[in-house]
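Q: First, the structure itself, so that you have it in front of you.
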Amino acid sequence: MEALPLRAGGEMDTIIDRYQNTVYGLALARTGSRADADDVFQEVFLAYFQSGKTFRDEEHRKAWLLRTTINQSRRVTSSSWWQRTVPLSEREDVPVQFRDPEENEVWTALQSLAEDYRLPLYLFYFQELSTQEIAKALAIRPGAVRMRLTRGREQLRKILKGAYFDET
Amino acid sequence: MKHELFSNMQKQMAPSPEVRAELSAKLAQPVKERPKAWKKYGAIAACAALTVALCGASVAKDLDGWRAFVSRFMQTRPDAVYREDASADWGIVAAPFGPDSQAPHLHSYMIVEDLTGYVQENTTTATSGEGGEGGDRDMGMTPEDLTSAMLDVGYTQGEVDEYQSIGYQMTWAKWWKFVGEQRNSEGEDPFDLEDLKLFSQKELYVSTGALPAPNTGDLPNRDDAPSGALPDGAYIGDVPVQEGAEDYQLLMAHFNGTYPDWYGGAYLDGSGRLVVQLVEDKDPGDKSLELQVLDWTDDGHVIFSSCKYSLAHLKGLMDQLNALPDKDMKCGDVMAGWGIDEEANRIELTLTQVYDPILSILAELDPDDDAICVQIGQRASVDSTVKEGEDPAVHHVMPGGATVPDDEDLIAEEPRYDGAHYDVQDLPQQKGPAFAVDPAPVEDANTASYNPGT
């Protein structure tokens, strides 16, 4: 992997290419809406560009982006405008559509979970982060991450009736 | 697990080209300044005004006590000027003492201490000390001050004499803290001598960073004694302090002598919890370091605080200070003691007199003028260089008359706990150093920063 400058602001195109799916996917998992994920995606990289931060290493940069994505997503979904005027059941772009019916089924099941379980599962299975990395991104302890993964898997097992999310 | 399924789904979770192009366009625009949150600032200002008003009301209650203190202070310091003006830093403007009193302040942290008073000890242990009581402004009480203050609140002359014999160096800030605590207590006799002894001992633990002395027998066996008081006057110390010390040891075990750049030091707060200082050059939303420290301390009760300098940086400065006496003999002559105060996140250096060349060197070492706090005072030990008639700078005597033991002694001599009771009977034989009263120490063993070569 190409070494990128650790100070925010430089090589923006390369940075966005490398992390856009990470940021956008997490925003989509958190908000459940492509329109909101679009907003979050832009806000996160604008914040990154303007922050002027210097990161210790690539892992630090990734953790910062994940954390900022979660914060921006929370800001979007907790705004009074979002809550008053866009009820989840009436959103035109819900549900997010995938190409394969099986993918849609998995996504719908994942979205039906509470956020506390949904985000650890998404980060673990889709982004393949370790429990330590998830703990840093969600600002919880690794033990709590493992507990949420276990409970989330239990719930998905009942909904999907298949071994999509196992422990290996 | 269906890796391929998840991978395919992840690939579809990408922003559209339009969104990406929109972002690129926004990034190309000049950065706009964020609008100022005037409402937020207004609310903060209102809260601050309310707090000041409430504090003012509280301070007014102690105004009589303050005026009594001022009148006594003015008797001992005839060159001081008193202005009854709350905005003038409690109203007292005191002229410095000594032959160097007219010397210009070349360092903003320069404090000229009372030559008949005591120099605050510098420590390299986990804490320093004034516990938020006003830090550099805190003045030591002379025996006369203490006598007068104790008699004012109702202590008898006998109790005053008994307390004075302990030798604890009370300061004005601590005295008012004690008075405030006792006045707010629900007891029938708020100014009990044992309470004052207990308070003094706790303050000593906090200010020296030392763990409580095991089985010193200093504290009486009282029903309202804190946790840790054992029958027959034995005392094993505050349990919270021990927990904080254990967290500290776990933390140190992970550092293994090499401190990372983000670590600014650690100390025990007044309740015995470990406070870990993190260098403030980190993202406030990034909790990875806090989680890392919690992992290392087995999820201990750790509090986090931010600071400017890393401990590694301060230790680097300490190395340079340590080398200074060898490079310049005159500098060595005026350097009385120095050490790292991890709570204040700075080095505290005591000079015996103002010496311009060393101040110039310090200005180079500490360009921001906040990493090295320079004080003028006496040497922190009794040795051949102390002038006749000078009082030793630090009296390390605990309530009860025993000398304050070193941290290492205390940790090594921790009473064994077998789940049912503490093994306190063997301690007197094991713990020689903690009880040894050295009549004329060559150097102050508790001042780790003391340099015998000076």
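So the protein lines, in turn, are chains A and B. The numbers in this note's numbering rise by one with no breaks, and the one at position 16 of the first sequence is 131. The numbers in this note's numbering rise by one with no breaks, and the one at position 408 of the second sequence is 420. Even for Gly, the Cβ is constructed at its ideal location relative to N, Cα and C.
Give a yes or no on whether 9 Å exceeds the smallest Cβ distance from Ala250 of chain A to chain B.
A: Answer yes: the Cβ-Cβ gap between Ala250 of chain A and chain B drops below 9 Å somewhere.
Q: Would you list, in chain order, the members of the segment 214 to 238 of chain A that have their beta-carbon closer than 9 Å to a beta-carbon of chain B?
A: Arg214, Asp215, Glu217, Glu218, Val221 and Trp222
Q: Taking Cβ-Cβ distances shorter than 7 Å, what residues in chain B pair up with Arg266 of chain A?
A: Residues of chain B whose Cβ lies closer than 7 Å to the Cβ of Arg266 of chain A do not exist, since the nearest Cβ in that chain is about 17 Å away.
Q: Which complete beta strand (DSSP E) runs does the segment 315 to 353 of chain B hold, if anything under 3 residues is left out?
A: 347 to 353
Q: Taking the alpha carbon of Asp307 of chain B as the point to measure from, which residue in A:Leu275, A:Arg268, A:Asp154 and A:Ala254 has its own alpha carbon closest?
A: A:Ala254
Q: Indicate whether at least one CB of chain A lies closer than 9 Å to the CB of Trp308 of chain B.
A: no
Q: Does the beta-carbon distance from Arg122 of chain A to Lys168 of chain A come in below 9 Å?
A: yes
Q: If Gln261 of chain B sits next to Glu354 of chain B, beta carbons under 8 Å apart, how far is it from one beta carbon to the other, in whole angstroms?
A: With 8 Å as the limit, Gln261 of chain B and Glu354 of chain B do not qualify as a contact, their Cβ atoms being about 15 Å apart.
Q: Give me the DSSP bridge partner(s) of Glu360 of chain B.
A: B:Gly351 and B:Cys385
Q: Across the segment 229 to 241 of chain A and the segment 260 to 273 of chain A, are there enough close Cβ pairs to call them in contact, namely three or more that are closer than 8 Å?
A: yes
Q: In terms of residue numbering, what span does the alpha helix (DSSP H) encompassing Tyr232 of chain A cover?
A: Glu230 to Leu236
Q: Check each residue of the segment 15 to 32 of chain B: if its Cβ is closer than 8 Å to any Cβ of chain A, include it; give the result in chain order.
A: Leu17, Phe18, Asn20, Met21, Gln22, Lys23, Gln24, Met25, Ala26, Pro27, Ser28, Val31 and Arg32
Q: Using a Cβ cut-off of 7 Å, pull out every chain A residue sitting near Asp298 of chain B, in sequence order please.
A: Ala178, Trp179 and Arg182
Q: Does DSSP put Gly269 of chain B in a helix, a strand or coil?
A: Three-state DSSP puts Gly269 of chain B in coil, outside helix and strand.
Q: From what residue to what residue does the beta strand (DSSP E) around Gly277 of chain B run?
A: Tyr275 to Leu280
Q: Would the beta-carbon of Ala37 of chain B fall within 9 Å of that of Tyr139 of chain A?
A: Not in contact: Ala37 of chain B and Tyr139 of chain A (Cβ atoms no closer than 9 Å).
Q: Mapping DSSP to helix, strand and coil, what is Val366 of chain B?
A: coil
Q: Answer with buried or exposed for Ala57 of chain B, where buried requires no fewer than 16 other C-beta atoms within 10 angstroms of its C-beta.
A: exposed
Q: For Asp382 of chain B versus Ala375 of chain B, is the C-beta distance shorter than 9 Å?
A: No, the pair does not count as a contact, with Cβ atoms beyond the cut-off.
Q: Could you pull out every residue in the same chain whose Cβ sits closer than 6 Å to the Cβ of Asp244 of chain B, ignoring the five residues on either side in sequence?
A: Because Asp244 of chain B sits at a pLDDT of 39, beneath the cut-off of 50, its placement in the model cannot be relied upon, and the point is left open.
Q: Are the beta-carbon atoms of Val322 of chain B and Gly351 of chain B separated by less than 9 Å?
A: The amino acid occupying residue 322 of chain B in the given sequence is Ser; Val does not appear at that position. No. Outside cutoff.
Q: CB Val221 of chain A to CB Leu275 of chain A, shorter than 9 Å?
A: Result yes, Cβ atoms of Val221 of chain A and Leu275 of chain A sit closer than 9 Å.
Q: Consider the Cβ of Ser36 of chain B: report whether some Cβ of chain A lies at a distance smaller than 9 Å.
A: yes
Q: Taking DSSP as the reference, what is the three-state secondary structure of Val288 of chain B?
A: strand
Q: Checking the sheet assignment: what are the DSSP bridge partners for Thr169 of chain A?
A: A:Arg122
Q: From which residue to which residue does the alpha helix (DSSP H) around Gly258 of chain A run?
A: Pro257 to Leu275
Q: Does chain B have any CB closer than 9 Å to the CB of Gly287 of chain A?
A: Any property of residue 287 of chain A remains undetermined from this structure, which presents chain A solely from 116 to 283.
Q: With distance defined between alpha-carbon atoms, name the residue in B:Asp157, B:Gly389 and B:Lys23 nearest to Ala185 of chain B.
A: B:Asp157
Q: Less than 9 Å between CB atoms is the rule here; does Leu374 of chain B satisfy it with respect to chain A?
A: no
Q: Within its chain, find whatever has a CB closer than 7 Å to the CB of Lys251 of chain A; leave out the 5 residues flanking it on each side and keep chain order.
A: Ala178
Q: Indicate whether at least one CB of chain A lies closer than 9 Å to the CB of Ala424 of chain B.
A: Below a pLDDT of 50, predicted positions are generally treated as unreliable, and Ala424 of chain B, at 42, falls in that range; the measurement from the model is reported next regardless. So no, Ala424 of chain B is outside the interface.
Q: List the endpoints of the continuous alpha helix (DSSP H) containing Asp132 of chain A.
A: Met127 to Thr146
Q: Answer yes or no: does any C-beta atom of chain A fall closer than 9 Å to that of Leu216 of chain B?
A: Under the Cβ criterion of 9 Å, Leu216 of chain B is not counted among the residues facing chain A.
Q: Using beta-carbon positions only, say whether Phe160 of chain A and Leu39 of chain B come within less than 9 Å of one another.
A: Their beta carbons are under 9 Å apart, which means Phe160 of chain A touches Leu39 of chain B by this criterion.
Q: Leaving aside the five residues before and after Tyr367 of chain B along the sequence, list all residues of the same chain whose C-beta is less than 8 Å from its C-beta, in chain order.
A: Lys342, Cys343 and Val346
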